[in-house]
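In my numbering, the protein residues as written are 30 to 547.
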């Protein structure tokens, strides 16, 4: 099969419920294909590396770079073999802005090298392990090292009256760690550079050797507020490897849990956005609604955030007639209150004054930066996996795309409101058409197989690329968070805004520190 008129031998991935294609390429083919993807206006989904030196059938096996793209036909993943002695790969950051940190992370974890790369600074290493220690190499022993102070080479802004403000990584609030280096003139932000990576837990390495079923538990713990999306994406990948299809009722229940996760996060975000502009009333009201929402999760599904309820082969929960009635009733009641709160937000002059024109990312800039998810849709990027590449049951009830073009805090809030109302409608439709039958099929792992999972979480699309070894256990599992793309866009969103508006702009994106830090 040919994509974008490129002479590459693509193969469909067996067992996938979504169209997925893979190919092994040369460096020149990878660059040519990347250029064609960029020119076609399509996007980079993820980039990661793997250690292939255990492949007994190939004496020349070294490492590999894997690059996944979104095309109109589906997900396409190219694999570039790299030699063991000099695993260098071409720099793709000039084409895809978000490739920068993904490439640097692959270098930190595997000892790969970016050929002629403009930015080769360490990203995850933080001087917490030696420069010649590569955690994802198969012959690297488990070690602990004393943490050292790191003199990270931030980009400096020179000029009379320019000052630097260092914020974090430890913050006054109870939030995850991240360092933000502002270059300012007065209160005006000239530049922001982030330094993340303080949440590194070695999850990529922990996956290796796990049974296929056990890996679902770890995937659901990568980013605590996105446990449903990660568990579903992982399960899709595992089901492709096992070549099983979950029962239809399980697919509907998965979507139900995903939409409930989306609503829970949008409720809290809208509350905190109100709080950041001194509208404490908004925080109290939205958090009250979220608390009621997750309490029903606990009552019906056994967990406030429905962790471990989606597993390979289906789901571990079900709802009876009384549960369906409770879900219906809550949807109607919460939607009514959200509509009243939206009217208050829309008419509150102080709130709108802070939201409008603050933290703007124009549609053109969003396209060039690869902005995705709800933040991308607030900047005119008409992309939602539920609409563009829908899986069951979204191919039966495609949601209306929530789209704004202003790209400011107000637009990101508006997208959240629109998606709330759409998710309320989706939940009612899911309950109306919930199929009868079983909720789970037992999958069995198969050796030396690959599978991919791709799900639109509440922030954006989550990708899981899964591979088994000769023993049927996990050989490599790469989980990709949408925050990889959007953290870098946040650096641009704050330019020309005053420093006191940064907390508001940051919250309007509400990106994950933990998700990209594996």
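The beta carbon of each residue, even a glycine, is placed where N, CA and C say it ideally should be.
The structure presented is a predicted model; accordingly, all values stated were derived computationally and were not measured.
Close-in-space but distant-in-sequence residues of the same chain around residue i (CB under 6 Å, 5 per side omitted)
i: residue 149; result: 143
i: residue 326; result: 333, 335
i: residue 523; result: 218, 221, 531, 534
i: residue 389; result: 436, 437
i: residue 41; result: 50
i: residue 542; result: 205, 207, 228
i: residue 540; result: 512, 515, 516
i: residue 311; result: 300, 303
i: residue 160; result: none
i: residue 446; result: 371
Spatial neighbours of residue i in its chain, beta-carbon cut-off 7 Å, leaving aside the 5 residues before and after
i: residue 420; result: 46, 47
i: residue 119; result: 56, 59, 60, 144
i: residue 416; result: 427, 428, 430
i: residue 152; result: 130, 133, 134, 137, 226
i: residue 197; result: 206, 207, 208, 209
i: residue 292; result: 322, 449, 452
Opposing strand residues paired with residue i [DSSP bridges]
i: residue 548; result: For residue 548 there is no data in the structure shown, the boundaries of the chain being 30 and 547.
i: residue 97; result: 75, 106
i: residue 62; result: According to DSSP, which records beta bridges pairwise, residue 62 is partnered with nothing at all.
i: residue 506; result: 495
i: residue 40; result: 51
i: residue 35; result: 32
i: residue 192; result: 213
i: residue 447; result: DSSP, once it has assigned bridges, lists no residue as partnering residue 447.
i: residue 525; result: According to DSSP, which records beta bridges pairwise, residue 525 is partnered with nothing at all.
i: residue 220; result: 212
i: residue 92; result: 80, 111
Residue i classed as buried or exposed, judged by whether at least 16 other C-beta atoms fall within 10 angstroms
i: residue 305; result: buried
i: residue 203; result: exposed
i: residue 255; result: buried
i: residue 70; result: exposed
i: residue 63; result: buried
i: residue 199; result: exposed
i: residue 527; result: exposed
i: residue 298; result: buried
i: residue 230; result: exposed
i: residue 437; result: buried
i: residue 68; result: exposed
i: residue 413; result: buried
i: residue 343; result: buried
i: residue 174; result: exposed
i: residue 97; result: buried
i: residue 75; result: buried
i: residue 78; result: buried
i: residue 331; result: exposed
i: residue 409; result: buried
i: residue 89; result: exposed
i: residue 184; result: exposed
i: residue 358; result: exposed
i: residue 567; result: The requested residue 567 does not occur in the structure, where the chain is confined to residues 30 to 547.
Pick from the options that is closest to residue i, judged by C-alpha positions
i: residue 93; options: 99, 103, 81, 102; result: 81
i: residue 163; options: 369, 49, 136, 181; result: 136
i: residue 329; options: 299, 372, 285, 311; result: 285
i: residue 83; options: 353, 505, 519, 176; result: 505
i: residue 493; options: 263, 310, 309; result: 263
i: residue 529; options: 229, 387, 153; result: 387
i: residue 455; options: 444, 429, 470; result: 429
i: residue 1; options: 321, 112, 511; result: Outside the shown range of the chain (30 to 547) lies residue 1, about which nothing can therefore be said.
i: residue 597; options: 224, 169, 347, 32; result: Nothing can be reported for residue 597: it is not among the residues displayed for the chain, which extend from 30 to 547.
i: residue 141; options: 274, 109, 465; result: 109
i: residue 224; options: 462, 539, 536, 517; result: 517
i: residue 423; options: 245, 75, 287; result: 287
i: residue 186; options: 195, 97, 211, 180; result: 211
i: residue 295; options: 239, 238, 371; result: 371
i: residue 500; options: 508, 360, 477, 484; result: 477
i: residue 302; options: 381, 271, 356; result: 381
i: residue 260; options: 513, 508, 307; result: 508
i: residue 34; options: 100, 89, 364; result: 100
i: residue 124; options: 360, 307, 65; result: 65
i: residue 465; options: 377, 349, 404, 267; result: 349
i: residue 482; options: 116, 257, 521; result: 257
i: residue 158; options: 169, 170, 147, 176; result: 176
i: residue 341; options: 496, 246, 497, 425; result: 246
Residue i beta carbon near the ligand FAD (any heavy atom closer than 6 Å)
i: residue 244; result: The ligand FAD is absent from the structure shown, which contains no ligands of any kind.
Start-end ranges of the beta strand (DSSP E) lying completely within the stretch 117-167, minimum 3 residues: 117-119, 142-144
Completely contained beta strand (DSSP E) runs for the stretch 235-308, where each covers 3 or more residues: none
Continuous alpha helix (DSSP H) assignments of at least 4 residues falling wholly in the stretch 462-495: none
Alpha helix (DSSP H) segments (min. 4 residues) lying fully within the stretch 318-351: none
Beta strand (DSSP E) segments (min. 3 residues) lying fully within the stretch 347-434: none
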